[in-house]
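Residue numbers (the numbering used here): 11 to 299.
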């Protein structure tokens, strides 16, 4: 091995030899032969820099999908872009690895794991967007949904909803003061929020001009419309908060899955645990010195 020049792709670990002696019936003396075994180890720097690190970065980008706000409407686009990038890496990998059906290489396993992770993130993102854009006219939030996604999960995931003023109660109080200020003194005893009066109140109603009566009815209509709109907006905000809790939950789940899966697959090759120095390494170091 004195004239051996190092390869850019393989390391030679050992070249053990074995002397064999074989006797044949035709001859009295043995026939000798020497068998050499060349033990090789693939150098991983090229594959680490050009395949493993880009795939790891792309797989962690799939986790950031759940940190992107749902109002941006770019969550699914980001997932599909990541899936296309992984498909390009898979096409590159086909030309670099030998074609064999006996075993799946580590690169193929990791790309398959990442593609499954991105596919699952697309499915969960679609579910989150479905929840985010729900409205009172199409869906009703159940009691178990409020219990789990508005009380239990936020406490587990360390999500704290802002404790600012309650918009609905303040608007109702403002509307109540506005109605009382806009009604004449003879209307203070009537039921607020109702533009149709009956019984002995019709007598008081006829004492006012028609213009004032129509104005009061318009005020009640506007107040009821604002109350209904505020209730619908409050329910929409609850659905958006549920979607945000789901995003945070899937962010933790996919982050742990990505970290554990990446560590388990990348640390599985036996070459990472083989610390035997290659033949010729000492010679090249000594020559450089």
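Glycine is no exception: its CB is placed at the ideal position from the N, C-alpha and C atoms. The structure displayed is predicted, hence computed values, not measured ones.
Near the ligand COA: residue i beta-carbon under 7 Å from a heavy atom
i, result
"residue 101", "The ligand COA is absent from the structure shown, which contains no ligands of any kind."
Residue j beta carbon less than 8 Å from that of residue i
i, j, result
"residue 260", "residue 155", "no"
"residue 24", "residue 49", "yes"
"residue 159", "residue 255", "yes"
"residue 146", "residue 245", "yes"
"residue 138", "residue 89", "no"
"residue 142", "residue 80", "yes"
"residue 67", "residue 124", "no"
"residue 19", "residue 51", "no"
"residue 14", "residue 290", "yes"
"residue 72", "residue 92", "yes"
"residue 107", "residue 288", "no"
Bounding residues of the beta strand (DSSP E) (the contiguous stretch that carries residue i)
i, result
"residue 169", "First-last for residue 169: undefined, no H or E at that position."
Identified DSSP bridge partners for residue i
i, result
"residue 28", "45"
"residue 50", "22"
Pairwise C-alpha distance: residue j and residue i
i, j, result
"residue 285", "residue 96", "32 Å"
"residue 272", "residue 98", "19 Å"
"residue 136", "residue 227", "45 Å"
"residue 5", "residue 85", "An answer regarding residue 5 cannot be provided, because it is not within the stretch 11 to 299 covered by the chain."
"residue 100", "residue 63", "14 Å"
"residue 167", "residue 152", "21 Å"
"residue 114", "residue 170", "46 Å"
"residue 117", "residue 238", "57 Å"
"residue 280", "residue 54", "12 Å"
"residue 243", "residue 249", "10 Å"
"residue 131", "residue 121", "15 Å"
"residue 157", "residue 252", "11 Å"
"residue 26", "residue 40", "22 Å"
"residue 172", "residue 223", "42 Å"
"residue 87", "residue 221", "56 Å"
"residue 266", "residue 56", "28 Å"
"residue 270", "residue 59", "21 Å"
"residue 230", "residue 219", "17 Å"
"residue 278", "residue 111", "19 Å"
"residue 36", "residue 30", "18 Å"
"residue 258", "residue 163", "10 Å"
"residue 241", "residue 140", "20 Å"
"residue 233", "residue 262", "44 Å"
For residue i, the first and last residue of its enclosing alpha helix (DSSP H)
i, result
"residue 246", "220-276"
"residue 154", "153-157"
"residue 149", "It is not in any alpha helix (DSSP H) - residue 149 carries neither H nor E in the DSSP assignment."
"residue 118", "116-142"
(message) So within the segment 61-111, which uninterrupted alpha helix (DSSP H) runs reach at least 4 residues, ignoring any that extend past its ends?
(response) 63-73 and 85-106
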